[in-house]
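Written out below as structure tokens is the structure these notes cover.
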Amino acid sequence: MENVISLLHGFQAALTPTNLLFCFIGVLVGQIVGVLPGLGPVAGTAMLIPLTYALSPTTAVIMLAGIFYGAMYGGTITSVLINVPGEGASVITCIDGYKMAKQGRGGHALGVAAIGSFIGGCIAVFFLTFLGPVLAKYALKFGPPEFFSIMIFGLLLLVGLIGKSVIKGLIAALIGMILALVGQDPGTGVDRFLFGQIELLEGIDFVILAIGLFGLSEILTNSEEDMTLNKPEEIAGLIPPRAEWKPCLSAILRGTGIGGLLGLIPGTSASIASLMSYSLERKMAKDPSRFGEGAIEGVAGPETANNSYAGAALIPLFTLGIPTSPTIAVLLGAFIMHGLTPGPLLYIKNPDFIWAVVASMFIGNLILLIMNLPLAKYWAKIALVPYELLFPLILLVCMVGVYSVNRSLWDVGMTIGFGAIGYMMKKWKLPTAALILSFVLGKNIEFTLVQTLTLSDNGLLYLFERPISGTLLTLCGIILAAGLYTTIKNKRGALAADEEA
Amino acid sequence: MKHKLLAALLPAFLLTAGFNAKAADEPYPQKPIVAIVAFPAGGGTDIIARSIFRTAEKYVGKGFVVDNKPGAGGAIGFTAIAGAPKDGYTLGFINAPTIVLNPIQLADKVKYKLDDFVPIANFVSDPGVFAVNVDSPFKTFKDFVDYAKANPNKVKLAYGGPGTSEALALRNLEQKLDIKFRKVPFEGTGPQLTALMGGHIDIMISNASEIYPQVEAKTIRVIAVGSEKRVDLYPNAPTYKESGFDYTQVSMRGLAAPKGVDAKHVKFLADAMKKSFEDPEFRKHAQELHLPLQYMGPEELAKELARQDAFYRAEYAKSPW
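The listed protein sequences derive, respectively, from chains A and B.
Counting along the first sequence from 1, when you hit position 380 you're at 521 in the working numbering, and nothing is skipped either side.
Counting along the second sequence from 1, when you hit position 119 you're at 478 in the working numbering, and nothing is skipped either side.
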């Protein structure tokens, strides 16, 4: 009850004209940053921190948090319309979202993503404001062995989604793992695959890989085809047909749960949340073969999951002072810059601040929903723009986006290189989504494995000595068996869609 | 005809000559100064840069623009500073020991030398710290060392990974006190804290300013700091030296110009930075941000960089870490 009153006070603070204005600016900038390929939430938030110097801490953090979740909305738009994921969490959205856009259903995809994100974001924030502080302590039970097991779990889900040819899927996934090895070995510090280039010291940047493999290769392969083909005749509206409401709502609710729980655990990632949600939806669907061909649940679930993850991920920051993702780490910097010390004391020392920011998240999500529902219709019309005009434009925006992050031509060159690799992969029917997801997971798998083995007294057995990781790995065994069974039986998976694009 | 041409050219010549003379004497600075920061916005170096510049504007007369050029553990930004125009309008933040370590550890890849920089001032010296959970049996650094001695290879210690200055501190600790522990690499302080608070590791080594929130909240304790003297941030924590470990481990953040900038400009900037550092406005702000301040002038900073260079080269000659 006390919390409810505090939250109401928070709304009072968040609804002052200044805070409302900056909340609006935040989500708007976030959305723009999310739409521009290359400029993800990390770069966007980091670039705008200096501008918040003159603002009061509450106003500043309201605005920066707005950029953070606004960018999640924006990322959906590029994933659906031009097949360019802004970050790991949106890779999955490309699979069915882009297919939907090609069928003229981009509006439906964006509409359901906006509604799902709103519901997921709000429910996650609401529950976690009350339960978060308690749950956050339990989340600490997850150590390196548990993270390793979660990542392996994610990798197995990925294997379950691999397309028609398991061999080709595994080839793509292994290339992803190898690319994840570039940079310094976490255990010994030895340089790997640097080829004398210091730019590769910290590994390959996700954004560069994603824009190259997805965006550029898509443009290249499409340019070969007759440009007048594959154009949707007309653009469907925003609200999906009534028959899809129920499955969408269930997908949204499941996505909320998955994202909310994973967000609480520092060290997981939003990509895992969207990956889990996608495979769950595919398992629950009556007709799994629709997945990869434009199944609306394949957009609704993962998009909700990554937004509810984003909301939940703020709880460890507020309660423990621990950033759960690179974007949250940038927000942590912003807190410190404004003289606020995140952590348990924040609830005691600056309760007004916390509640105002929490309240602003509800308001910001609402602003995003109101802004996006009418806008989605116009965004979706991008699919009607003639390819001769659209492709050069996308190419330009991608290149400027990549360049702007570090202002480095090296990055631009890498993107073009990955574009060429992606093009060849499409020619050879290797699923690019499998590559990029295993790239994201591979880095974490290696790191947590090194940590686990250092902590362990008897090698890999340590993983089974711990209840949480033991359970997860056993579950992995079951999923592996089931996954192999279904892939062999159906000879067809969702990522197969990728091959035919 | 010739005369006419001469007559026409002469004023033009004089005019340019006048301009040239003016360029050398013109008051500095004429326009805002760009400062390269080799780490992302919102990070520790970025925060001190923006705080000092806010005050420094008063003494320099022109504003500063922070230009974040992150990548390759700072090497990309440092290289950019070394190669910047020598007109005094591009400066950069240098982070010792990182800036010293890069050319030693990555000799074949890093394209700058320590000589490429002219130090202006140091602002922050963030000491290394050993921290444990608040309910840890290690009450003091000595408890930790004694336990590690009695139980070789048992203590689980979180650090920033091989090749870092923390790794070198740990190597020295192991050699000097003849102990051995399990060094678990982590990517950044956040994950280290999670693991420490969750009881997955026994002790962590990090930097003083990065763990302040958790120390203030009394979830973790600092048992030793790596500076020469105790720090204001944790007055009760003894230094490594007081605890029987003869070693210093400090991360510094200071300003430098690329070599070749007019000495007058460097002197002007050094004076302005000293005044800014002493300004109460900056002091108040720094206190709010819990920055472990330590001022060094150009000579002192240059000497310190040279000392570190010699030390790390000697250590590297023994064997890389």
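Quick reminder that beta carbons are idealized off the backbone N, C-alpha and C, glycines included.
This one's a predicted model, so the numbers in the text were calculated from it and none came from an experiment.
Exercise. Quick one: which residues of the stretch 437 to 449 of chain A get their C-beta closer than 7 angstroms to a C-beta of chain B? List them in chain order.
Key: none
Quiz prompt | Of the listed residues B:T438, B:F545, B:H624, nearest to K472 of chain B (C-alpha basis) | solution = Counting from 1 along the second sequence, the entry for residue 472 of chain B is found at position 113. Ranking the options by Cα distance to K472 of chain B, first place goes to B:T438.
Quiz item: So with Cβ pairs under 9 angstroms, would you call T595 of chain A a contact of chain B?
Solution: Looking up residue 595 of chain A in the first sequence gives position 454. Yes, T595 of chain A counts as interfacial toward chain B.
Quiz item: What in chain B is Cβ-close to E340 of chain A, meaning under 8 angstroms?
Solution: Your numbering for residue 340 of chain A matches position 199 in the first sequence. Those within 8 angstroms of E340 of chain A in chain B are G430, A431, I435.
Quiz item: By a C-beta neighbour count over all protein chains shown, 10 Å radius and 16 as the cutoff for buried, is A665 of chain B buried or exposed?
Solution: Start at 1 with the first residue of the second sequence, and residue 665 of chain B comes out as number 306. Classification of A665 of chain B: exposed, given that the 10 Å Cβ count is below 16.
Quiz item: Does at least one heavy atom of the ligand GDP sit under 8 angstroms from the Cβ of G238 of chain A?
Solution: What this structure holds is no ligand at all, so the ligand GDP is not there to describe.
Quiz item: Using 9 angstroms as the limit for Cβ to Cβ distance, is F267 of chain A near chain B?
Solution: As a first step, residue 267 of chain A is located in the first sequence; it is residue number 126 there, counting from the start. No, its Cβ sits nowhere closer than 9 angstroms to a Cβ of chain B.
Quiz item: Assuming N566 of chain B contacts K539 of chain B under a Cβ cut-off of 8 angstroms, what Cβ separation, rounded to an integer in Å, is found between them?
Solution: Along the second sequence, read from residue 1 onward, the residue named residue 566 of chain B stands at position 207. Along the second sequence, read from residue 1 onward, the residue named residue 539 of chain B stands at position 180. The Cβ separation is near 24 angstroms, so there is no contact.
Quiz item: Nearest-angstrom Cα distance between F432 of chain A and E575 of chain B?
Solution: Within the first sequence, numbered from 1, the residue matching residue 432 of chain A stands at position 291. Within the second sequence, numbered from 1, the residue matching residue 575 of chain B stands at position 216. For F432 of chain A and E575 of chain B, the distance between alpha carbons rounds to 50 angstroms.
Exercise. Below 6 angstroms CB to CB, which residues in the same chain sit around V625 of chain B once its five sequence neighbours on both sides are set aside?
Key: Taking the first residue of the second sequence as 1, we reach residue 625 of chain B at position 266. For V625 of chain B, where only same-chain residues beyond five positions count, the Cβ hits under 6 angstroms are V477, A616.
Exercise. Output yes or no for whether 9 angstroms exceeds the beta carbon distance between G398 of chain A and A411 of chain A.
Key: Residue mapping note: residue 398 of chain A aligns to position 257 of the first sequence, counting from 1. Residue mapping note: residue 411 of chain A aligns to position 270 of the first sequence, counting from 1. No; because the gap between Cβ atoms is not below 9 angstroms, this pair is not in contact.
Practice problem: Inspect the beta-carbon positions of V168 of chain A and G216 of chain A and report whether they are closer than 9 angstroms. | Solution: Here the question's residue 168 of chain A lines up with position 27 in the first sequence. Here the question's residue 216 of chain A lines up with position 75 in the first sequence. In this structure, G216 of chain A does not lie closer than 9 angstroms to V168 of chain A by Cβ.
Quiz item: Does any CB atom of chain B fall closer than 9 angstroms to the CB of M478 of chain A?
Solution: Taking the first sequence and counting its residues from 1, the one referred to as residue 478 of chain A is at position 337. Answer yes: the Cβ-Cβ gap between M478 of chain A and chain B drops below 9 angstroms somewhere.
Quiz prompt | Cα-Cα separation between K643 of chain B and I440 of chain B, rounded to whole angstroms | solution = For the purposes of this step, residue 643 of chain B is taken as the residue at position 284 of the second sequence. For the purposes of this step, residue 440 of chain B is taken as the residue at position 81 of the second sequence. In a straight line, the C-alpha of K643 of chain B is about 29 angstroms away from that of I440 of chain B.
Practice problem: Please go through the stretch 514 to 599 of chain B and give each complete alpha helix (DSSP H) segment of 4 or more residues, from N-terminal end onward. | Solution: 524 to 536, 548 to 556, 571 to 575
Practice problem: Give the C-beta separation of F476 of chain A and V183 of chain A to the nearest angstrom, bearing in mind that I take them to be a contact with Cβ-Cβ under 8 angstroms. | Solution: Stepping through the first sequence from its first residue, residue 476 of chain A is reached at position 335. Stepping through the first sequence from its first residue, residue 183 of chain A is reached at position 42. Wrong, their Cβ atoms sit about 16 angstroms apart, outside the cutoff.
Quiz item: Do the CB positions of M566 of chain A and L576 of chain A come within less than 9 angstroms of each other?
Solution: Translated into the one-based positions of the first sequence, residue 566 of chain A becomes position 425. Translated into the one-based positions of the first sequence, residue 576 of chain A becomes position 435. In contact: M566 of chain A and L576 of chain A (Cβ atoms closer than 9 angstroms).
Quiz prompt | Contacting residues, own chain, Cβ-Cβ under 6 angstroms from I316 of chain A (five flanking each side not counted) | solution = One-based indexing of the first sequence puts residue 316 of chain A at position 175. If we look at I316 of chain A and ignore the five residues flanking it on each side, its Cβ neighbours are L576.
Practice problem: Give the straight-line distance between the Cα atoms of K577 of chain B and D494 of chain B, rounded to the nearest whole angstrom. | Solution: Numbered from its first residue, the second sequence carries residue 577 of chain B at position 218. Numbered from its first residue, the second sequence carries residue 494 of chain B at position 135. Cα-Cα distance, rounded: 10 angstroms.
Quiz item: Whose CA, out of A:L390, A:N585, A:T460, A:G356, lies closest to the CA of Y564 of chain A?
Solution: Numbered from 1 along the first sequence, position 423 holds the residue referred to as residue 564 of chain A. The shortest Cα separation from Y564 of chain A among A:L390, A:N585, A:T460, A:G356 belongs to A:G356.
Quiz prompt | N491 of chain A at chain B interface by Cβ criterion, 9 angstroms | solution = Working through the first sequence from its first residue, we reach residue 491 of chain A at position 350. Not one chain B Cβ lies under 9 angstroms of N491 of chain A.
Self-check item: Three-way DSSP call (helix, strand, coil) for A380 of chain B in this model
Solution: Along the second sequence, read from residue 1 onward, the residue named residue 380 of chain B stands at position 21. For A380 of chain B, the predicted structure reports a pLDDT of 42, less than 50, and the residue's modelled location is therefore unreliable. The matter cannot be settled from this model.
Practice problem: Could you say which of A:A265, A:E365, A:I312, A:I190 lies nearest to A574 of chain A if we only look at CA atoms? | Solution: Position 433 of the first sequence, counting from 1, holds the residue named residue 574 of chain A. If we check each option's Cα against that of A574 of chain A, A:I312 comes out closest.
Quiz item: Name the DSSP beta bridge partners of I358 of chain B, please?
Solution: There is no way to answer for residue 358 of chain B, as the model of chain B reaches only from 360 to 680.
Quiz item: A397 of chain B bridges to which residues according to DSSP?
Solution: Start at 1 with the first residue of the second sequence, and residue 397 of chain B comes out as number 38. In the DSSP output, where bridge partners are listed per residue, A397 of chain B has none listed.
Quiz prompt | Within chain B, the residues that E343 of chain A reaches when beta carbons sit closer than 8 angstroms | solution = Here residue 343 of chain A is taken as the residue at index 202 of the first sequence, counted from 1. Result: G430, A431, G432.
Exercise. Could you please give the first and the last residue of the uninterrupted alpha helix (DSSP H) stretch that includes P226 of chain A?
Key: Along the first sequence, one-based indexing puts residue 226 of chain A at 85. Segment: none, P226 of chain A is in no alpha helix (DSSP H) and carries neither H nor E.
Quiz item: Do you know whose CA, among A:C539, A:A470, A:I256, lies nearest F559 of chain A's CA?
Solution: Counting from 1 along the first sequence, the entry for residue 559 of chain A is found at position 418. Of A:C539, A:A470, A:I256, the residue nearest in Cα terms is A:C539.
Quiz item: Distance, Cα to Cα, S418 of chain A vs Y450 of chain A?
Solution: The residue given as residue 418 of chain A occupies position 277 in the first sequence. The residue given as residue 450 of chain A occupies position 309 in the first sequence. Taking the straight line from one Cα to the other gives about 11 angstroms.
Quiz item: Does the distance from the CB of K464 of chain B to the CB of P651 of chain B come in under 9 angstroms?
Solution: The count along the second sequence starts at 1 and reaches residue 464 of chain B at position 105. The count along the second sequence starts at 1 and reaches residue 651 of chain B at position 292. Residue identity check: residue 464 of chain B is Gln in the sequence provided, not Lys. No, the pair does not count as a contact, with Cβ atoms beyond the cut-off.
Quiz item: Looking at the structure shown, is I360 of chain A part of a helix, part of a strand, or coil, going by DSSP?
Solution: The sequence position of residue 360 of chain A within the first sequence is 219, counting from 1. Looking at I360 of chain A - three-state DSSP - the assignment turns out to be helix.
Quiz item: How many whole angstroms separate the CB atoms of K421 of chain B and I458 of chain B, which I take to be in contact at a CB cut-off of 8 angstroms?
Solution: In the second sequence, the residue the question calls residue 421 of chain B occupies position 62. In the second sequence, the residue the question calls residue 458 of chain B occupies position 99. So it is not a contact: roughly 26 angstroms between Cβ atoms.
Quiz item: For E365 of chain A, is the classification buried or exposed, using 16 other Cβ atoms within 10 angstroms of its Cβ as the cut-off for buried?
Solution: Locating residue 365 of chain A in the first sequence gives position 224, where the first residue counts as 1. So E365 of chain A counts as exposed.
Self-check item: Minimum Cβ-Cβ distance from P572 of chain B to chain A less than 9 angstroms
Solution: Along the second sequence, read from residue 1 onward, the residue named residue 572 of chain B stands at position 213. P572 of chain B counts as touching chain A.
Quiz item: Just how far apart, CA to CA, sit V440 of chain A and S306 of chain A?
Solution: Stepping through the first sequence from its first residue, residue 440 of chain A is reached at position 299. Stepping through the first sequence from its first residue, residue 306 of chain A is reached at position 165. Computed Cα separation, rounded: 24 angstroms.
Exercise. For K677 of chain B, count neighbouring Cβ atoms within 10 angstroms of its own Cβ and tell me buried if that reaches 16, exposed if not.
Key: As a working note, residue 677 of chain B is residue 318 in the second sequence. The residue in question, K677 of chain B, is exposed, as its Cβ has fewer than 16 Cβ neighbours within 10 Å.
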